[in-house]
Amino acid sequence: MSWIAVVPFAGWALVRLSGFEPDWPWVPVVAYTPYAAAGAVVGAALAWLLRRRAAGVVGIAAVTALGIAVVPRAVADGNPAADGPVLRVLSANLMVGQADTDQLMALVGQVRPDVLTLQELTPDALRRLEEAGVRERLPHAVTRPLPGVGGSAVYARHPLTAGETIKLGAFGQARAWLAHPGGDRVEIVSVHPCAPRRVGRQPCWQGGLQALPRGRGQLRLLAGDFNATLDHLPMRELLASGYRDAADVMGRGFTATWPRALGRTWRLPGVTIDHVLADSRMAVRDFRVLELRHTDHRPVFAEVRLP
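Per my numbering, the sequence shown runs over residues 37 to 343.
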């Protein structure tokens, strides 16, 4: 019993820290690594209670390894010295355009974003947003609406220049360059790679993440539904290129963003797949997970200061 309690979590820790990411079903499963870390604690405690020293040592090793991977998300980080203008960013997945337009506009009024990135933007959702007055608050836009899940957009308070959309499979990721009045030029990407929910989707999902611009060049900010947590290897590689996750920086990296309950009595445990990634030269001043009706994602908001 003691070995049964510790070996699965030890194996999980080995794969998670190996630098190798297997295909299905590991890609969706690894999103639940924080839950595995909690399970590893229980398994190790059981092994020691049963006085199985060898199993207990393996259990402690698993707890340590998984703890190193996940615990920092609950601890606020410091910030680089940044004295530039502030940029406020709101991102929302509209669930095939079904999200509540009035509540989204209320969120825009509440958090006063300089940038709004949208995913799963359909032509009908775009029409409703325009009729609701989104351009009055955020007059500049690069919109790429599509039927289904592939549409996206970037709205902004300041002028935008359209970039080349990242398109893999049915999923599109709008890109735009923002000209901030403070003099900075910042690329904004509305992130939404394929969802790795079934066999055969991993290449599209991985390709969508790998196609995102790397950091340490021009100032960039990536915001949206990454369909990935900080435990996915492509996400860790993206961060290592020169970004910081705003939730992680603020010590709020365990706050789940998907799936949000939609009146069902049962749903999967929550995971954190919606992110704001800020250039590592930016200072993160705030991060919040918000609520939006009629979508299975929770919007995310971040405030950063440019260098």
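In this text, a Cβ means the ideal position worked out from N, Cα and C, and glycines have one as well.
Arg-279: first and last residue of the uninterrupted beta strand (DSSP E) it sits in:
The sequence given here places Tyr at residue 279; Arg does not occur at that position. Tyr-279 -> beta strand (DSSP E) spans 279–281.
Thinking just about the alpha-carbon of each residue, which of Val-235, Cys-240, Lys-203 is nearest to the one in Val-225?
Lys-203
What is the DSSP secondary structure of Ile-40, counted as helix, strand or coil?
helix
Would you mind reading off the limits of the beta strand (DSSP E) that contains Gly-208?
207–209
Quick one: complete alpha helix (DSSP H) runs, 4+ long, within the region 202–283?
238–246, 269–276
Skipping 5 residues on each side, what residues in its chain have a beta carbon closer than 8 Å to that of Ala-218?
The residue you asked about is not Ala; residue 218 is Gly in the sequence shown. So the list reads Gly-120, Pro-121, Leu-342, once near-sequence residues are dropped.
For Thr-153, the first and last residue of its enclosing beta strand (DSSP E):
151–155
Pick out whichever of Gly-278, Gly-133, His-311, Asp-315 has its Cα sitting closest to the Cα of Pro-229.
His-311
With 16 as the cutoff for other CB atoms within 10 Å, does Asp-113 come out buried or exposed?
exposed
When DSSP builds the beta bridges, which residues end up paired with Glu-339?
Arg-124, Asp-322
Close beta carbons around Gly-208, own chain, < 8 Å, minus the five adjacent residues each side
Arg-180, Leu-182, Gly-186, Gly-187, Ser-188, Thr-201, Ile-202, His-228
Just to confirm, is the Cβ distance from Ala-49 to Ala-91 under 8 Å?
no
Would you mind reading off the limits of the beta strand (DSSP E) that contains Thr-179?
176–180
Exposure label - Ser-54; buried when at least 16 CB within 10 Å
exposed
Is Ile-309 buried or exposed, if buried means 16 or more other CB atoms sit within 10 Å of its CB?
buried
Extent of the continuous alpha helix (DSSP H) run through Tyr-71
69–85
C-alpha distance - Gly-253 paired with Val-93, whole-angstrom precision:
45 Å
Run through the DSSP bridge pairs and tell me what Arg-198 is partnered with.
At residue 198 the sequence reads Ala, which differs from the Arg that was named. DSSP lists Ala-212 as partners of Ala-198.
Quick one: give me the first and last residue of the alpha helix (DSSP H) that Val-106 is part of.
89–106
Output the boundary residues of the alpha helix (DSSP H) element that contains Val-66.
Where Val-66 is concerned, there is no enclosing alpha helix (DSSP H), given that its DSSP letter is neither H nor E.
Relative to the alpha-carbon of Val-336, which residue among Asp-261, Ala-76, Asp-136 has its alpha-carbon at the smallest distance?
Asp-261
Contacting residues, own chain, Cβ-Cβ under 6 Å from Gly-79 (five flanking each side not counted):
Ala-41, Val-42, Phe-45, Gly-95
Touching or not, the region 67–82 and the region 126–141, by the rule of three or more beta carbon pairs under 8 Å?
no
Taking Ala-329 as the reference, give the member of Leu-275, Ala-142, Glu-166, Pro-61 with the closest Cα.
Correcting the residue type first, residue 329 is Arg in the shown sequence and not Ala. The residue with the shortest Cα to Cα distance from Arg-329 is Ala-142.
Tell me whether Pro-190 sits in a helix, a strand or coil according to DSSP, three-state version.
Looking at the sequence shown, residue 190 is not Pro but Val. Of the three classes helix, strand and coil, the one that applies to Val-190 here is strand, per DSSP.
Just to confirm my understanding: we take Met-37, look at its own chain, exclude 5 residues before and 5 after, and list those with CB closer than 8 Å. What are they?
Leu-82, Leu-86
Integer Cβ distance of Arg-164 from Glu-339, believed to fall under 8 Å:
So it is not a contact: roughly 27 Å between Cβ atoms.
Just to confirm the assignment, what range does the alpha helix (DSSP H) spanning Ala-161 have?
159–168
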